[in-house]
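Below: the structure, in structure tokens.
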Amino acid sequence: MRHLYVNGAWIPSASGEGVDVVNPATEEVVDTVPAGWPGDVDGAVNAARAAFPAWSGTAPAERAKFLSAAAALLEERAKDVAATIAADMGSPFGFALKVQTLMPAGVLASYADLAESYAFDAGQVGNSRVVREPVGVVGAITPWNYPLHQVICKVAPALAAGCTVVLKPSEVAPLAAYALADIFHEVGLPPGVFNMVSGHGQVVGEAIASHPGVDMVSFTGSTRAGRRVAALAAQTVKRVALELGGKSANVILPDADMETAVKAGVANAFINAGQTCSAWSRMLVHWDQYDDAVRLAVEIARGYAPGDPLAEGTRMGPLVSAMQRDRVIRYINLGQEEGARLVLGGTDNPLDRGYYVEPTIFAGVSPGMSIEQEEIFGPVLAVVPFATEDEAVSIANGTPYGLAGAVWAGSEDRAVSVARRLRTGQVHVNGGRFNPLAPFGGYKQSGVGRELGEFGLEEYLEVKALHM
């Protein structure tokens, strides 16, 4: 069994218990990590608090050197880390390399740059000097679907800001976080600056969120779990950043290039087997084009046959666990019970072993259906018709979530006009590429706060006025 990383050393958990890590493609145990205990969290928080004065007092340019070295080492080991991610959460290797590993390495490097260039001294306001200082000890609780990216989205800006960190990676897919801990250790990050306690959310996560020695908790996961984290954090009035669920709409207006929009929409809905909080899981199409769009979506989706994540050409791997597979199947059944029309896929396991679900498309989806309102977190696309632009905006905004989305139109001006009306944290306009330097986060029940770039850095900073 592996160990915890606390105060610059690998140590056993006080619990003596472990959590098996299962390869979702083979259903075989590939590793075991500690099931941490509240006492482990205490030790990690104490180490982080002890390290905070020196780390926060380190010049930003010096902090940047550690982050830059870590980014370079992660890039050097990218293929090994990608293979690890393919094994413990099922992402196809090519996606695991490009998106799950190399993109986080770039994010890590971007925070090295920001640490050097950011204006921590914000300047003069009247007779007052305004400065930005690290918030303190950060508790980071991360999910399994992007098991390295989500860690780096929290840890990198926190360290750049001068905070110290206690990380709890998902026990479902923790191995990429272990690889990152190894990297931080090898580049000589001072003891206590970064600490990692693996284990179950109900034990380790709750201990972090409620710990009086933690100044801020940053959580990514389900909206239900986010509510619990916020409630626990409120007991000590600590800062909270939440990146939660989504039910994003891909709005295809009548004058758009429909073929391009549908192709991109299907790809986005099925990326990472649909296990992406910002996935465009609803495709909104005008009634006049609806049947053609459904036919085209089905045709394109047939190219996403599930397969071995390590096999060349695999575009969609398994779901992360038997529990997640069963959850998705329940939604597929519910969609049919509520009257939606299954036009592709279903509940049968397409392979002899592994937690696979076929790419699934529903037509005849009405606003208010469960599959139109609730986050499924699997390869399920709901195609919803609309009659007018106003109705499309109303449907897009008609869920409790507001994380992401897309708008396609014949002109950029029209697409931007509609995108501005969507109550969501980011919108892709006519196929605009994802920008890892732009703010990422949501409205409504999709969360509080932002990650990535300068906006992400500022989540970990306090603002102080010095009256002169």
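Under our numbering, think of the first position of the sequence shown as 39, with each following residue one higher. Even for Gly, the Cβ is constructed at its ideal location relative to N, Cα and C.
- Leu334 carries a helical assignment under DSSP once its states are collapsed to helix, strand and coil.
- The count of Cβ pairs closer than 8 Å, one atom from the segment 418 to 436 and one from the segment 278 to 295, reaches three, so the stretches are in contact.
- If one requires a minimum length of 3 residues, the beta strand (DSSP E) runs lying completely within the segment 43 to 101 are 47 to 49, 56 to 61 and 66 to 72, in chain order.
- If you draw a 10 Å sphere on the C-beta of Gln273, you find fewer than 16 other C-beta atoms in it, and that means exposed.
- In its chain, beyond the 5 residues on either side, Gly373, Glu376, Gly377, Ala378 and Ala420 have a beta carbon closer than 8 Å to the beta carbon of Met407.
- When DSSP states are grouped into helix, strand and coil, His187 belongs to the helix group.
- Here DSSP, grouped into helix, strand and coil, assigns Ser319 to coil.
- Distance from the CA atom of Gly226 to the CA atom of Phe104, rounded to whole angstroms, is 8 Å.
- Distance from the CA atom of Leu389 to the CA atom of Gly345, rounded to whole angstroms, is 8 Å.
- Shown here for Ala430: same chain residues with a beta carbon closer than 6 Å to its own, the five before and five after excluded, namely Val289, Leu322 and Phe424 in chain order.
- Straight across, the Cα-Cα distance linking Leu205 with Phe257 is about 10 Å.
- At the C-beta level, Cys191 and Glu489 come within 9 Å of one another.
- For Ala335, the closest alpha carbon among the candidates Met296, Pro347 and Tyr481 is that of Met296.
- Asp451 and Asn468 have their C-alpha atoms some 10 Å from each other.
- DSSP lists Val418 as the beta-bridge partner residues of Thr398.
- If you compare the alpha carbons of Gly251, Arg365 and Asn306 with that of Asp80, the shortest gap goes to Gly251.
- Here Gly463 is not near Ala444, since their CB atoms are 9 Å or more apart.
- In the three-state scheme derived from DSSP, where H, G and I count as helix and E and B as strand, His223 is classed as helix.
- Taking Ile367 as the centre and dropping the five residues before and after it, the same chain places the C-beta of Thr385 and Val395 closer than 7 Å to its C-beta, in chain order.
- DSSP links His324 through a beta bridge to Phe424.
- Cβ neighbours of Trp318 within its own chain (closer than 6 Å, five residues either side excluded): Ser286, Asn288, Gly303, Asn306, Ala307 and Ala444.
- In chain order, Ser94, Ala199, Gly200 and Cys201 place their CB closer than 6 Å to the CB of Pro172, counting only its own chain and leaving out the 5 sequence neighbours on each side.
- Between Pro50 and the set Val60, Val71, Val422 and Ala89, the nearest pair of CA atoms involves Val71.
- For Gly440, the closest C-alpha among the options Gln327, Arg365, Glu66 and Thr261 is that of Thr261.
- When Pro185, Ala217 and Lys502 are compared, the shortest CA-CA separation from Leu112 is found for Ala217.
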